[in-house]
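Chemist: First the structure, which I've put down as structure tokens, then a few questions once you've had a look.
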Amino acid sequence: VYFHGGQNQRGSAQDELFQGDLITRNKEYPVIFVSFDFRLGLFGWIQGYGATANLGLRDQQMALDWVQKNIAAFGGNPHKVTAWGHSDGANDILAHLVSPQSNGLFQKAIL
1 VYFHGGQNQR GSAQDELFQG DLITRNKEYP VIFVSFDFRL GLFGWIQGYG
51 ATANLGLRDQ QMALDWVQKN IAAFGGNPHK VTAWGHSDGA NDILAHLVSP
101 QSNGLFQKAI L
């Protein structure tokens with residue numbers, strides 16, 4: 001599951017740096033590429049005193065949960081999900097690694 005970068009202010013699942021078709025071409029190591037969008041900027045990453053909701057992280061958890069529930073329909077294994085990202089996508093994965101709410105949603109991480 002690919003987490004795009006962009007300082008949680010910009011970017012999308014259609015990131016030109018990491019196109020799924022380029023990654024899935026290798027027939028020797030079959031991969032199911034998953035990417036998703038999440039809320040950015042003020043709508044996803046509220047900061048400051050008293051801020052209680054990080055909806056961007058919640059969107060990411062919902063995407064990971066969807067993968068757990070549905071990846072088998074695409075030939076994937078929900079027990080072999082790897083989260084990977086660059087820039088703030090990698091930072092977001094670090095947050096999920098320590099979040100009890102994200103426990104079990106992925107088994108490996110590439111940062």
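Just so you know, the UniProt record's numbering puts 5 at position 5 of the sequence shown, and the rest follows in order with no gaps.
A virtual CB, placed ideally from N, CA and C, is assigned to each residue, including glycine.
All values reported here derive from a predicted model rather than from experimental measurement.
1. Spatial neighbours of L40 within its chain, please: CB distance less than 8 angstroms, with the 5 preceding and 5 following residues excluded, ordered by chain position.
2. Please say whether G85 and F33 have beta carbons closer to each other than 8 angstroms?
3. Along the chain, where does the beta strand (DSSP E) containing K108 start, and where does it finish?
4. Relative to the C-alpha of D44, which candidate in N54, D37 and F36 has its C-alpha closest?
5. Which value, in whole angstroms, describes the spacing of the CA atoms of W66 and N77?
6. Let me confirm a value: F18 is counted as buried when at least 16 other C-beta atoms fall within 10 Å, else exposed. Which label applies?
7. Inspect the beta-carbon positions of A83 and A109 and report whether they are closer than 8 angstroms.
Modeler: According to the data block:
1. G6, N8, Q9, R10, G11 and G56, listed in sequence order.
2. No Cβ-Cβ contact shorter than 8 angstroms links F33 with G85.
3. In this chain, the beta strand (DSSP E) harbouring K108 covers K108 to I110.
4. Strictly speaking, residue 44 in this sequence is Gly, with Asp absent from that position. Ranked by Cα distance from G44, the options N54, D37 and F36 are led by N54.
5. The alpha-carbon atoms of W66 and N77 are separated by roughly 13 angstroms.
6. Its Cβ being crowded by 16 or more others within 10 Å, F18 is buried.
7. Yes, the Cβ-Cβ distance between A83 and A109 is below 8 angstroms.
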